[in-house]
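Notes follow once the structure below has been shown.
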Amino acid sequence: MPGIGHRRDGWPNRDLNVGAIIALSPALSADKKAVYNSWGPGKYDPRYNLDGKNTPLLIPPAYGLADVKNETYTAEGPISYWNAYVAVTQMGGLGNFSDPKLGINVKHSPDLVTSKLPALRAYQYSLVPPPPPAGTIDRVMAERGGVLFDRTCASCHVGGSGTDNNAGTLHAPADTGVDAAYAARTVSKAYRTTPLRALWQHAPYFHDGSAATLADVVAHYNTVRTLNLTAQQQRDLVEYLKSR
192 MPGIGHRRDG
202 WPNRDLNVGA
212 IIALSPALSA
222 DKKAVYNSWG
232 PGKYDPRYNL
242 DGKNTPLLIP
252 PAYGLADVKN
262 ETYTAEGPIS
272 YWNAYVAVTQ
282 MGGLGNFSDP
292 KLGINVKHSP
302 DLVTSKLPAL
312 RAYQYSLVPP
322 PPPAGTIDRV
332 MAERGGVLFD
342 RTCASCHVGG
352 SGTDNNAGTL
362 HAPADTGVDA
372 AYAARTVSKA
382 YRTTPLRALW
392 QHAPYFHDGS
402 AATLADVVAH
412 YNTVRTLNLT
422 AQQQRDLVEY
432 LKSR
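Here the sequence shown stands for residues 192 to 435, where the numbers follow my numbering.
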């Protein structure tokens, strides 16, 4: 409708307070309502209803997945795995989902979910990252930042996918200085390298939203990875990341 806006397919909704919506259910105890209300906008815990632990994650973008193997922060499985997991264990879809490592084995007859998953994945693969708005990137700074990126970041954020997880690599939380609480709830106890896609669009950053800006991300790695970047080099690297 005129005046309402435009479709933003695949953009993560960082304003949507999923927990507050769930907490409206009269079927929940006061303790569970408090947990759901603690998440805040743009976050969701996809395991809370299974293990009772509470470390909500940022809702990730669904665009730019065509070159990405595993679309979870901890790389449990391919994108089709995640779609099935969400449909059956989170949304109550009448389908089948099994993961012995997590102790999950849900079956329904008939299975109304599995046949829908290939079309959903194809749709997701068709969504490309949105380019940065015109005039928002300083190209000279971004070019200098690209050189720095290749020197300091490209060993993990590799190739067109922007993640070394396509080759199966995972990283212990201590390696990157991020909070380990969510990884501890998984089998691998580790995180994948997050693909870099339209970073200008979906602040905050890291799996838990602990970095409010790209400048915070760069400052974090400058310390944790001892990159020894000057203030200007950090600004150049931020400018390059905004262009990704």
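In this text, a Cβ means the ideal position worked out from N, Cα and C, and glycines have one as well.
What residue does the alpha helix (DSSP H) around residue i start on, and which one ends it?
{"i": "V408", "result": "L405 to V415"}
{"i": "V226", "result": "A221 to S229"}
{"i": "N240", "result": "Y239 to D242"}
{"i": "W273", "result": "I270 to Y276"}
{"i": "I477", "result": "Beyond the ends of the chain as shown, which are 192 and 435, falls residue 477; an answer cannot be given."}
{"i": "Q281", "result": "Taken as a continuous stretch (DSSP letters only), Q281 belongs to no alpha helix (DSSP H), as it is neither H nor E."}
{"i": "L420", "result": "Run containing L420: none; DSSP gives neither H nor E here."}
Identify, in the order they occur along the chain, each residue of the same chain with its Cβ nearer than 7 Å to the Cβ of residue i, setting aside the five sequence neighbours on each side.
{"i": "A253", "result": "G201, Q315 and L318"}
{"i": "G268", "result": "N261"}
{"i": "K380", "result": "A374"}
{"i": "H411", "result": "G368 and A402"}
Can you find the residues in the same chain that come closer than 8 Å, C-beta to C-beta, to residue i, ignoring five residues on each side of it along the sequence?
{"i": "A406", "result": "Q425, R426 and V429"}
{"i": "L303", "result": "G284, L285 and G286"}
Taking the beta strand (DSSP E) that residue i falls in, what are its first and last residues?
{"i": "D290", "result": "F288 to D290"}
{"i": "I295", "result": "I295 to V297"}
Could you tell me whether any Cβ in chain B is nearer than 8 Å to the Cβ of residue i?
{"i": "G201", "result": "Within the model displayed, chain B is absent; a lone protein chain is all it includes."}
Going by beta carbon distance, what residues of the same chain come within less than 6 Å of residue i, once the five residues before and after it are set aside?
{"i": "Y431", "result": "A333, G336, G337 and F340"}
{"i": "G255", "result": "P320 and R388"}
{"i": "A372", "result": "T246"}
Taking the alpha carbon of residue i as the reference point, which residue from the options has its own alpha carbon closest?
{"i": "N240", "options": "M282, A275 and G233", "result": "M282"}
{"i": "N208", "options": "P217, R199 and D236", "result": "D236"}
{"i": "R312", "options": "A410, D370 and Y272", "result": "Y272"}
{"i": "E399", "options": "Q423, W230, D242 and N356", "result": "Checking the displayed sequence, the identity of residue 399 turns out to be Asp instead of Glu. Answer by Cα proximity: W230."}
{"i": "A275", "options": "G243, T305, I213 and A211", "result": "T305"}
{"i": "A310", "options": "C344, I270 and P322", "result": "I270"}
{"i": "N449", "options": "R435, D290 and R342", "result": "There is simply no residue 449 to check, as the chain begins at 192 and stops at 435 in what is shown."}
When the Cα atoms are used, what is the spatial distance from residue i to residue j?
{"i": "L249", "j": "Q392", "result": "14 Å"}
{"i": "G350", "j": "A218", "result": "47 Å"}
{"i": "D370", "j": "P193", "result": "43 Å"}
{"i": "V415", "j": "K307", "result": "43 Å"}
{"i": "V297", "j": "K244", "result": "20 Å"}
{"i": "I195", "j": "V378", "result": "44 Å"}
{"i": "S300", "j": "S352", "result": "37 Å"}
(message) My parser needs the alpha helix (DSSP H) runs of 4 or more residues fully inside the stretch 317-363; what are they?
(response) Qualifying alpha helix (DSSP H) stretches, in chain order: 330-343.
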